[in-house]
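Okay, structure first, notes after.
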Amino acid sequence: MAVSVKKPSTFAQFKTLLIKDLQREFRTKDMLSSMAIYALLVLVVYGAALSQTGRQFDILQMSGGLLWALIVFTSLLGLNRSFSYEKEDGCLEGILLVPLDRSVVFLSKACSNLIFLLAVEVLILPLFFFFFLTTTTPAPTWPMMLLPLFVGTIGIAGIGTLLSTITVNTRGKDVMLAVLFIPLIFPLLFACVSATTVVVAGGDIEGIFRNSVLMAAGYDLVMVLLSWVLYDFVVSA
Amino acid sequence: MEDMRKSKHPIGGLADKLALPALTLGTVLTALAFLLAFTVASPVMGAKVNGVELIGDEMIGNQILLSQKIFYFHMPVAVTSMVVLAGTAFFAIRFLMTRDALYDLKAKICTELALVFVICTMITGDLWTRFEWGVWWTWEPRLTTYLILTLMVIAYFILRAAVDEPERRATFASVFSIIMFIDVPISFMITRLIPSSVHPVILRTDSGLSPDMLAPMLCALFGFSLISYGLYRFRTRTEIIGQRVDVLKEALDNKLGN
């Protein structure tokens, strides 16, 4: 009896891997809950850190920086987790045994990381507004901050996926990820903070906002493409 | 013994023969640059002082700033560090293509040299910001991008130390050094892209440097480049010879054991 096996398309492979990550997360809620609680705790720390500032203190000028610091630290926590459970039961070895292009692994992992980071941002953004921005009135352009938020998160997910694959195989992996990750995303962070601050505090939308978002998007493009190309070497090492 | 001489990584070729002359010439040129900077190059009026300003708790008019001499070393070491990092990226790509451990060794040596030059740049640059701009540190685009470059060069060695298996360590280090290299053109171009930056653009055809200032700068630039080449060759050679000694020791142990 002849057995015919149809090779699944690349998109089907991508979809399967992505759904595997999402399903795992919805069953355990491991990464999302720890990220959300961590973010809330950082907000509480911010509350203490800013509690001694005066009434006239201009929170609007600082809000972009505070929000992005929160996102960076929260995503560090999540990215550390995203690969450690792949290691636990030899799941990564199993995936690598499948004859599929390694870049599919990268794309699916980066996409699931992106989805989790966006989900956490959906939670922490209202909380951030509730705690810090209800005492003042942000500039009417504030909804535009969603654009740098999205562009920045793509970069964080892309670079973070490559780096967390590297650091999961190193000693002291939690610290290692921070050591590699923070300098690498600095240009992205810088651009996103300036874009966010401009739309929240009001200012030169045309010039600063557009240039910053373009800069962030360009950095994203270079970094994600490079990570994609180099992923094969990292994951098979 | 015969097959050792014909090994995969030969030493003592033309590149190795040039190492000592390069190092010597580089040292002479750098020393010459030092002399020229303090003797021939004309003193520069305080670049940023208009009228009277307070610099380092002193009221300063249009004073001749001796700290400007830092420039003749700061800019050459900065350029050299970037060139050496390009070498790291090149050898990293070669390693990923060939999986030859020699390329990883060369990439590591280049990054070691880059660390030296990067630290020199940070020290001279920090002296410059203190005495010319009056602050210890400022989050200016060039300074910031160069600082993260410094952090990444340090992170490269932390990464290497955190992986035990040689093959995996070499792969991770190569991949990281390729991504790290993205920051080099950014740091180099940023003063051109963001013209409001305080840091001047030096590498251009109309830089406004008079010949007596250009001479020490170019001497230092070529001097440091030659020194880095000489050091790179010597380090590579030492490492290869060290590896051969290890192989010989192992062979000897096996012989004695039998």
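These protein sequence lines map, in sequence, to chains A and B.
Quick note: the first sequence uses this note's numbering, first residue 1, plus one each step.
Quick note: the second sequence uses this note's numbering, first residue 1001, plus one each step.
C-beta atoms are modelled at their ideal positions from N, C-alpha and C, and glycine is treated no differently.
Quantities reported herein were computed from a predicted structural model and do not represent experimental measurements.
Around the C-beta of Leu-1159 of chain B, are 16 or more other C-beta atoms found within 10 angstroms, so that it is buried, or is it exposed?
buried
So, does the region 112–124 of chain A touch the region 70–89 of chain A, judging by three or more C-beta pairs under 8 Å?
yes
By the DSSP assignment, the alpha helix (DSSP H) with Ile-1011 of chain B in it spans what residues?
Per DSSP, Ile-1011 of chain B belongs to no alpha helix (DSSP H) and is neither H nor E.
Among the residues of its own chain, which have a CB less than 7 Å from the CB of Phe-1091 of chain B, if the five just before and after it don't count?
So the list reads Tyr-1103, Lys-1106, Ala-1107, Cys-1110, once near-sequence residues are dropped.
Smallest Cα separation from Tyr-38 of chain A: which of A:Thr-16, A:Leu-70, A:Gly-158, A:Glu-206?
A:Leu-70
Which value, in whole angstroms, describes the spacing of the CA atoms of Ser-164 of chain A and Phe-116 of chain A?
15 Å
Using only alpha-carbon positions, find the residue among B:Glu-1140, B:Ser-1228, B:Ser-1210 that is nearest to Gly-1087 of chain B.
B:Ser-1228
Strictly below 8 Å CB to CB, what residues from chain A border Ile-1178 of chain B?
In chain order, Leu-226, Leu-230 make up the part of chain A whose C-beta sits under 8 Å from the C-beta of Ile-1178 of chain B.
Starting from the beta carbon of Pro-148 of chain A, find every residue of chain B whose beta carbon is closer than 7 Å, and list them in chain order.
Per Cβ cutoff of 7 Å: no residues; Pro-148 of chain A is ~18 Å from chain B at best.
Please classify Asp-1231 of chain B as buried or exposed, where buried requires at least 16 other C-beta atoms within 10 Å of its C-beta.
Position check: residue 1231 of chain B holds Leu in this sequence, whereas Asp was assumed. With 16 or more other Cβ atoms within 10 Å, it is buried.
Please return the same chain residues whose Cβ sits closer than 7 Å to the Cβ of Leu-67 of chain A, not counting the five positions on each side in sequence.
Phe-128, Thr-196
Is it the case that the region 169–179 of chain A contacts the region 206–226 of chain A, given that we only count it when at least three CB pairs across the two stretches are under 8 Å?
no
Which class does Glu-1140 of chain B belong to by DSSP, given the choice of helix, strand or coil?
Coil.
Candidates A:Val-199, A:Ala-237, A:Ser-227, A:Val-229, of which the one nearest Gly-65 of chain A by Cα:
A:Val-199
Look at the alpha carbon of Leu-1221 of chain B and the alpha carbon of Asp-89 of chain A, and state the distance between them as a whole number of angstroms.
54 Å
In or out: Pro-148 of chain A buried (at least 16 other Cβ within 10 Å) or exposed?
Taking every protein chain shown into account, the CB of Pro-148 of chain A has 16 or more other CB atoms within 10 angstroms, so this residue is buried.
For the region 1239–1250 of chain B against the region 1027–1042 of chain B, are there 3 or more C-beta pairs whose distance is under 8 Å?
no
According to the Cβ coordinates, are Leu-100 of chain A and Leu-162 of chain A closer than 8 Å?
no
Ser-9 of chain A, DSSP secondary structure in three states
coil
Going by other Cβ atoms of all chains shown within 10 Å of its Cβ, with 16 needed for buried, is Gly-152 of chain A buried or exposed?
buried
Closest to Ile-1154 of chain B by CA distance: which of B:Phe-1095, B:Phe-1071, B:Ile-1119 is it?
B:Ile-1119
To which residues of the same chain is Met-31 of chain A closer than 7 Å at the C-beta, ignoring the five residues directly before and after it?
Glu-25, Gly-78, Arg-81, Ser-82, Phe-116
Span separating the alpha-carbon of Gln-23 of chain A from that of Phe-181 of chain A
27 Å
Taking the alpha carbon of Arg-1168 of chain B as the point to measure from, which residue in A:Met-215, A:Ser-236, A:Thr-134, A:Gly-47 has its own alpha carbon closest?
A:Ser-236
Short-range partners of chain E found in the region 1161–1174 of chain B, where Cβ spacing is below 8 Å:
Looking at the structure shown, chain E is missing, and the protein chains on hand are A and B.
In whole angstroms, give me the CA-to-CA distance for Ile-1011 of chain B and Ala-157 of chain A.
In this structure, the straight-line span from the alpha carbon of Ile-1011 of chain B to that of Ala-157 of chain A is close to 45 Å.
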